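A short worksheet on the structure shown next.
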Amino acid sequence: MHTEPVNTASDTARRSMPAPVRWWQGWGPLLLAPWLVPLLAPGDWPRWAIMWLLAFTIFSGCKWLTWRRTPGCGQPMWRHLGYLFLWPGLDARRFLEPDRLLPPRPPERAEWLAAVGKLTAGLVILFGLVRLLPMEYSSLVGWAGMLGIVMVLHFGLFHLLSCAWRSAGVEAKPLMHRPLAATSLADFWGRRWNTAFRDFTHRFLFRPLTPLLGTVGAVLAGFTFSGLVHDAVISWPAGGGYGRPTAFFMVQGVGLLAERSRAGRALGLGGGARGRLFTIALVLGPAGLLFHRPFVVGVVVPFLQAMGAVECRKIS
Numbered sequence: 010m011h012t013e014p015v016n017t018a019s020d021t022a023r024r025s026m027p028a029p030v031r032w033w034q035g036w037g038p039l040l041l042a043p044w045l046v047p048l049l050a051p052g053d054w055p056r057w058a059i060m061w062l063l064a065f066t067i068f069s070g071c072k073w074l075t076w077r078r079t080p081g082c083g084q085p086m087w088r089h090l091g092y093l094f095l096w097p098g099l100d101a102r103r104f105l106e107p108d109r110l111l112p113p114r115p116p117e118r119a120e121w122l123a124a125v126g127k128l129t130a131g132l133v134i135l136f137g138l139v140r141l142l143p144m145e146y147s148s149l150v151g152w153a154g155m156l157g158i159v160m161v162l163h164f165g166l167f168h169l170l171s172c173a174w175r176s177a178g179v180e181a182k183p184l185m186h187r188p189l190a191a192t193s194l195a196d197f198w199g200r201r202w203n204t205a206f207r208d209f210t211h212r213f214l215f216r217p218l219t220p221l222l223g224t225v226g227a228v229l230a231g232f233t234f235s236g237l238v239h240d241a242v243i244s245w246p247a248g249g250g251y252g253r254p255t256a257f258f259m260v261q262g263v264g265l266l267a268e269r270s271r272a273g274r275a276l277g278l279g280g281g282a283r284g285r286l287f288t289i290a291l292v293l294g295p296a297g298l299l300f301h302r303p304f305v306v307g308v309v310v311p312f313l314q315a316m317g318a319v320e321c322r323k324i325s
């Protein structure tokens, strides 16, 4: 006797699930596109333009990978477009799968004002303080300019975007969460400083590599990847300082492992006053490796001149 197969609830759920994604799917643009920048960019472009193009290309590759590997089934097109083009974060699951989370609390007025205040402070630094500094101290001018840029973008504009999305009911946490309050390296890099990159490396590097390399190997691999990305964006356009950004992030990785070690716990490096001092020492101490002089003087200062933040005079 012929009988028709019976569709059970589990069969229906299984068919509705997205097909499994291979680990390598979505990595192509991130790994290949940056190599096209020096080939396709006009030869007369200034170094700062190459830097911004490289940064945008690498960020777009990261954004594509997170979107490609997140189903977001049933979500309206505006949410997908908003994630791809109007949000600098890289936690696609929070943004595109709202059913996984409770609706976010809308930001209060004080948070809006704080974001506007940080944006304003950044503009004052860029177009006020930086202009007062003598060009004879070009490194100081460049460092002050970078502070202004970070205040305008990461602390100001990106925070305002976070407020706007959360007001619309979309989970989009601020990328910067009071980094000066960090009490350990794990606290600083894990949840306070540029959490977009932390979300990316945790999902696509740390978790997949932990079963293969162990926790220590996965941590070092994540920081090495961060270093190589920063080397590409910083050292490549500058034409010098190669390897220094990678060395900076290797110091961070080793420091994080040290504070989690038995000796580090005994010394109290994972929290409290000692942890705070340890974090300040390891982040600020080797910061010159990350933003080395060839980049600060050869890329940042000319960019400040191009945007009118400082006068176009000879750089010393």
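Residue numbers for the sequence shown, in this note's numbering: 10 to 325.
Glycine is no exception: its CB is placed at the ideal position from the N, C-alpha and C atoms.
All values derive from a computational prediction rather than experimental measurement.
Measure the CB-CB distance between residue i and residue j and report whether it falls below 8 Å.
| i | j | result |
| --- | --- | --- |
| PRO303 | GLY252 | no |
| SER176 | VAL310 | no |
| GLY192 | GLY264 | Here residue 192 turns out to be Thr, not Gly, going by the sequence shown. No. |
| GLY126 | VAL139 | no |
| ALA318 | LEU149 | no |
| MET259 | THR233 | yes |
| MET60 | VAL228 | no |
| LEU313 | GLY154 | yes |
| PHE206 | LEU99 | yes |
Exposed or buried, which one is residue i when buried takes at least 16 other CB atoms within 10 Å?
| i | result |
| --- | --- |
| LEU189 | exposed |
| THR255 | buried |
| THR152 | Here residue 152 turns out to be Trp, not Thr, going by the sequence shown. Flag for TRP152 reads buried. |
| PRO51 | exposed |
| GLN34 | exposed |
| HIS268 | The sequence shown places Glu at residue 268, rather than the His named in the question. Buried, since its Cβ has 16 or more Cβ neighbours within 10 Å. |
| TRP57 | buried |
| PRO143 | exposed |
| ASP108 | exposed |
| GLY226 | exposed |
| ASP8 | Examination of residue 8 is not possible in this model, given that the chain is present from 10 through 325 alone. |
| THR224 | exposed |
| PRO85 | exposed |
| ALA124 | buried |
| GLY273 | buried |
| PRO217 | exposed |
| LYS279 | What sits at residue 279 in the sequence shown is Gly, not Lys. GLY279 should be labelled buried. |
| GLY250 | buried |
| GLY137 | exposed |
Please determine, among the options, the residue with the shortest C-alpha to C-alpha distance to residue i.
| i | options | result |
| --- | --- | --- |
| GLU106 | ARG285, CYS82 and ASP53 | CYS82 |
| PRO47 | TRP245, LYS72 and ARG271 | TRP245 |
| PRO112 | ARG187, GLY178 and GLN314 | GLY178 |
| TRP121 | HIS168, VAL161, GLY284 and ARG77 | HIS168 |
| VAL159 | PRO143, THR129, MET144 and LEU141 | THR129 |
| ALA119 | ASP100, THR204, CYS172 and GLU145 | CYS172 |
| VAL161 | ARG274, MET316 and VAL133 | VAL133 |
| ARG102 | VAL305, ASP208 and LEU266 | ASP208 |
| GLN261 | MET316, ARG212 and TRP202 | TRP202 |
Leaving out five residues on either side along the sequence, give the residues of the same chain with a beta carbon under 7 Å from the beta carbon of residue i.
| i | result |
| --- | --- |
| TRP96 | PHE104, LEU170, TRP174 and ALA181 |
| LEU93 | LYS72 and TRP76 |
| GLY231 | THR210, LEU214 and PHE215 |
| LEU62 | VAL46 and ALA50 |
| LEU266 | VAL225 and VAL228 |
Excluding the 5 residues flanking residue i on each side, which residues of the same chain have their C-beta closer than 8 Å to its C-beta?
| i | result |
| --- | --- |
| THR288 | ALA191, THR192, SER193, LEU194, ASP196 and PHE197 |
| PHE257 | GLY236, HIS239, PRO295, ALA296, LEU298 and LEU299 |
| ARG114 | ARG175 |
| ALA241 | PRO43, LEU63 and ILE67 |
| VAL363 | The question about residue 363 has no answer here: the residues shown for the chain are numbered 10 through 325. |
| LEU166 | LEU128 |
Could you pull out every residue in the same chain whose Cβ sits closer than 6 Å to the Cβ of residue i, ignoring the five residues on either side in sequence?
| i | result |
| --- | --- |
| MET185 | HIS163 and PHE164 |
| GLU320 | none |
| PHE42 | Checking the sequence, you will find Ala at residue 42 rather than Phe. Cβ neighbours of ALA42 beyond the five flanking positions: THR66 and GLY70. |
| ALA18 | Summary for ALA18: the model assigns pLDDT 46, below 50, so the residue's position carries little reliability; its value from the coordinates is reported in the next sentence. Contacts found: none. |
| GLY277 | ARG283 |
| THR204 | LEU184 |
Please confirm if residue i has its CB atom under 8 Å from at least one CB of chain C.
| i | result |
| --- | --- |
| ARG285 | Within the model displayed, chain C is absent; a lone protein chain is all it includes. |
Is it the case that the stretch 36–43 contacts the stretch 61–76, given that we only count it when at least three CB pairs across the two stretches are under 8 Å? yes
When the Cβ atoms of the stretch 287–295 are set against those of the stretch 191–199, are three or more pairs found closer than 8 Å? yes
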